[in-house]
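Worksheet: the structure to be examined is printed underneath.
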Amino acid sequence: MKYPEFRALEDRNGGSKADDLLTASITAFCCIARPARSDAQQLEDLAVPLLALASPRVRRHAAAALSEIPHAPKRLILALAEDDIDISATLLLRSPLLTPKDLIDIITHKGISHARVIARRRSDDPQLLGVLRSFKDTAIDNALEIKSHFDLDDDAPIDDAAVAPESPRLRETREALKALMRDAALSDEGTLANHLVDAALLDETMSFERELAIALNLDVETARKITGHGLNAELTIALASLGLSAEAAHLVLTGLFGLVHKDLRSLRLFIQSYRQIDRDKAQATVDRWKTAENSEKLRQKLREMAEDYEDGRRRVS
């Protein structure tokens, strides 16, 4: 992207809408197939000053969108990596631009919350591992132990559930926070959207499935089938039934599956098609999923009753 194109984005937003400008510039950069060094420099010059003005939601989007791009501006990546953990987590886990020295500096500046995420990242750098072990933290030690059983050159993902056994105190704190969030006004669509976006961007698929199940009033197993392993119609319909905006839905999909719309045309098509989904029809589809769930539960109960009856007859005979 050339400098005049960045200027056009800035002019179109009047120079005052930091969220719109940052989102547009990040999206435009991600759509360039082979960005030149000057493109990265122009994005850095434009985006870094906007971070202080942008909302956490948009900074999360920026971190997720840039998390796997090897030619992203380094200064922008470092700035996002030192943001709050719910914003920086995807970068800390995935960004190929963050060197062991960068990660050590981030841990020094930000402390244990960032260290716990970095511990799940694959690295055999002895200095970084030494810094992580120096915390003597159970979650960090468990993450490092799990990683030691994997070939560092293997791309297989680390199981979140295996990496994060929780201490009783941490578990109690987490459950208390969940209770507070459930007691909050989840009927408010903005709150619900932010809640689901956070769960998706924190790179915890199992957590997202649980939260989606609660929001849809479905079983977790059904939510797991809906989520699937990539962009699919069922998940899109589920998000639409909850009233999520196209932007929030895109953030959820990005957090779960990476950059699912890698060019501007596919992003536009997604937004257009998503906005055409009728919410009432989407809710009717979710209701059918719930009916199917209940039917399966009833069939299972009848099977169990029949088995009990047959067992009783055999004992009598």
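Following this note's numbering, the numbering of the sequence shown begins with 15 at its first residue and continues without gaps.
We put the beta carbon where it would ideally sit given N, CA and C, even for glycine.
It should be emphasised that the depicted structure is a prediction, and the values quoted were computed from it without experimental measurement.
CA-to-CA distance, residue j to residue i, given in whole angstroms
i: residue 280; j: residue 49; result: 19 Å
i: residue 171; j: residue 104; result: Low local confidence applies: a pLDDT of 42 at residue 171 is under 50, so the model's placement there is unreliable, and no value is given.
i: residue 101; j: residue 235; result: 28 Å
i: residue 174; j: residue 324; result: Residue placement at residue 174 is poorly supported in this model, since its pLDDT is 42, which falls under 50; the coordinates still yield a value, given next. Computed Cα separation, rounded: 43 Å.
i: residue 230; j: residue 241; result: 12 Å
i: residue 34; j: residue 67; result: 11 Å
i: residue 197; j: residue 208; result: Unreliable placement is indicated for residue 197, whose pLDDT of 43 sits below 50; the coordinate value is still reported in the next sentence. Approximately 15 Å between the Cα atoms of the pair.
i: residue 213; j: residue 206; result: 11 Å
i: residue 282; j: residue 83; result: 21 Å
i: residue 289; j: residue 260; result: 7 Å
i: residue 92; j: residue 151; result: 25 Å
i: residue 258; j: residue 148; result: 42 Å
i: residue 155; j: residue 130; result: 9 Å
i: residue 291; j: residue 221; result: 26 Å
i: residue 55; j: residue 37; result: 17 Å
i: residue 303; j: residue 110; result: 40 Å
i: residue 285; j: residue 69; result: 21 Å
i: residue 309; j: residue 64; result: 52 Å
i: residue 262; j: residue 96; result: 23 Å
i: residue 47; j: residue 41; result: 12 Å
i: residue 313; j: residue 157; result: 41 Å
i: residue 145; j: residue 108; result: 19 Å
i: residue 71; j: residue 318; result: 48 Å
i: residue 297; j: residue 316; result: 29 Å
Reference residue i, options the options, closest by Cα
i: residue 268; options: 232, 86, 159 and 246; result: 246
i: residue 339; options: 136, 99, 138 and 41; result: The chain is shown from 15 up to 331; residue 339 falls before or after that span and cannot be answered.
i: residue 210; options: 233, 264, 60 and 160; result: 264
i: residue 295; options: 260, 286, 111 and 253; result: 253
i: residue 58; options: 141, 39, 284 and 249; result: 39
i: residue 74; options: 299, 266, 315 and 310; result: 266
i: residue 141; options: 119, 157 and 159; result: 119
i: residue 53; options: 43, 62 and 124; result: 43
i: residue 135; options: 145, 106 and 45; result: 106
i: residue 248; options: 299, 271, 233 and 223; result: 299
Range covered by the alpha helix (DSSP H) that runs through residue i
i: residue 116; result: 114-124
i: residue 264; result: 260-271
i: residue 133; result: Taken as a continuous stretch (DSSP letters only), residue 133 belongs to no alpha helix (DSSP H), as it is neither H nor E.
i: residue 146; result: 140-147
i: residue 253; result: 247-255
i: residue 86; result: Segment: none, residue 86 is in no alpha helix (DSSP H) and carries neither H nor E.
i: residue 99; result: 99-108
i: residue 49; result: That residue, residue 49, is in no alpha helix (DSSP H); it is neither H nor E in DSSP.
i: residue 45; result: Looking at the DSSP string, residue 45 is not in any alpha helix (DSSP H), and its letter there is neither H nor E.
i: residue 68; result: Unbroken run through residue 68: none, as it is neither H nor E.
i: residue 239; result: 234-241
Assess contact between the region 68-79 and the region 111-128, defined as three or more Cβ pairs (one per stretch) separated by less than 8 Å. Is contact present? no
Can we say the region 79-93 touches the region 221-228, given the rule of at least three CB pairs closer than 8 Å? no
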